[in-house]
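**Q**
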Amino acid sequence: MSGATITPTIGDPRPGYGIRVRKDANRSLAVADADCPCGQFSRAAKGDVEVEALVIGYGRHRRDECPIPAIRAAAARQYAALQHSMNKRRK
31 MSGATITPTI GDPRPGYGIR VRKDANRSLA VADADCPCGQ FSRAAKGDVE VEALVIGYGR
91 HRRDECPIPA IRAAAARQYA ALQHSMNKRR K
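The sequence shown begins at 31 in our numbering and counts up one residue at a time.
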């Protein structure tokens with residue numbers, strides 16, 4: 031695969047919505063892409079710092095900014111479960 035460009039895609043050959051993060055074991059290159067059904071959030075990132083920022087931004091978009099109520103509700107439930115899990119670890 032020499033000379034190939036790393037371009038993230040979600041669900042090839044049938045693209046869909048969501049987020050996908052990949053880490054190339056040989057070169058330690060993190061690659062991610064995210065696409066929201068609302069169409070307001072569609073981004074890709076390369077590198078550890080950029081991928082981390084994309085994941086955080088996608089979660090915040092789904093929880094706080096997405097105009098689709100069902101997506102905001104699902105993201106709020108996921109965030110609440112994450113907070114609950116983090117609080118249990120501290121005890």
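Cβ atoms here follow ideal geometry from the backbone N, Cα and C, with glycine treated the same way.
1. Cutting at 7 Å between CB atoms, please list the residues of its own chain near isoleucine 98, excluding the five before and the five after it.
2. Hey, how far is the Cα of aspartate 65 from the Cα of aspartate 78?
3. Can you name the start and end residues of the beta strand (DSSP E) that proline 52 belongs to?
4. By DSSP, does arginine 57 sit in helix, in strand, or in coil?
**A** On the basis of the coordinates in this document:
1. Taking the sequence shown and counting its residues from 1, one reaches residue 98 at position 68. Its chain contains Pro67 and Cys68 as the residues whose beta carbon lies nearer than 7 Å to that of isoleucine 98, once the 5 sequence neighbours on both sides are disregarded; these appear in chain order.
2. The residue you call residue 65 lines up with position 35 of the sequence shown. The residue you call residue 78 lines up with position 48 of the sequence shown. Those two C-alpha atoms are separated by around 19 Å.
3. Working through the sequence shown from its first residue, we reach residue 52 at position 22. What sits at residue 52 in the sequence shown is arginine, not proline. First-last of the beta strand (DSSP E) with arginine 52: 48-54.
4. Counted from its first residue, the sequence shown places residue 57 at position 27. DSSP, reduced to helix, strand and coil, places arginine 57 outside both helices and strands of the structure shown, so it counts as coil.
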